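Student:
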Amino acid sequence: MTVTIEEVSAVNEITNLEEVFRVECTVTVSSPAIELELVEPVVRNKGGWAELHLQTRDTGEITLQVETKKTVVYEQKGTCKWPTLRIVSANETKLVNIDTIKTNQ
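In the numbering used here, the protein residues as written are 6 to 110.
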């Protein structure tokens with residue numbers, strides 16, 4: 006199973022009403038039957054960055070083996086205190102900066 010992380014956006018969104026940490030990834034997978042999920046690791050790292058693991062699951066659906074782009078989103082209440090996010094998959098690791106967006110709503 007081939008999984009390639011194409012693009013990652015990690016943002017702390019701060020408004021008058023709430024604070025949210027949101028991560029959005031565009032991922033290329035080798036089959037449309039592969040489902041994706043970003044999850045927090047069981048054991049947290051102490052390396053000075055946030056970390057999420059990209060997990061894959063084959064649904065067993067019979068489909069053509071064709072590369073497919075999918076989007077996976079992770080969201081949590083509150084902001085992330087770290088300046089950097091590391092995403093770990095079976096094939097690769099990506100480090101991205103976490104941006105902060107403040108809006109008055």
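For every residue, glycine included, the Cβ atom is placed at its ideal position computed from N, Cα and C.
All values reported here derive from a predicted model rather than from experimental measurement.
Run the CB neighbour count on A95, radius 10 Å, all protein chains shown included, and call it buried at 16 or more, exposed below.
Tutor: Result: exposed.
Student: Helix, strand or coil: how does DSSP classify V44 here?
Tutor: Of the three classes helix, strand and coil, the one that applies to V44 here is strand, per DSSP.
Student: How would you call V32, buried or exposed, if buried means at least 16 neighbouring beta carbons within 10 angstroms?
Tutor: Buried.
Student: Please confirm whether N17 and T108 have their CB atoms less than 8 Å apart.
Tutor: In this structure, T108 does not lie closer than 8 Å to N17 by Cβ.
Student: Roughly how many angstroms separate the alpha carbons of C30 and L90, rounded to a whole number?
Tutor: So the alpha carbons of these two residues sit roughly 12 Å apart.
Student: Leaving out five residues before and five after E12 in sequence, what residues of the same chain have Cβ atoms less than 6 Å from its Cβ?
Tutor: Correct list, in chain order: T31.
Student: N187 by DSSP, collapsed to three states: which one?
Tutor: As shown, the chain starts at 6 and ends at 110. That puts residue 187 outside it, with no answer to give.
Student: Classify I92: buried if its beta carbon has 16 or more other beta carbons within 10 angstroms, exposed otherwise.
Tutor: So I92 counts as buried.
Student: Assuming T7 contacts V28 (C-beta within less than 8 Å), just tell me the rounded distance between them.
Tutor: Wrong, their Cβ atoms sit about 21 Å apart, outside the cutoff.
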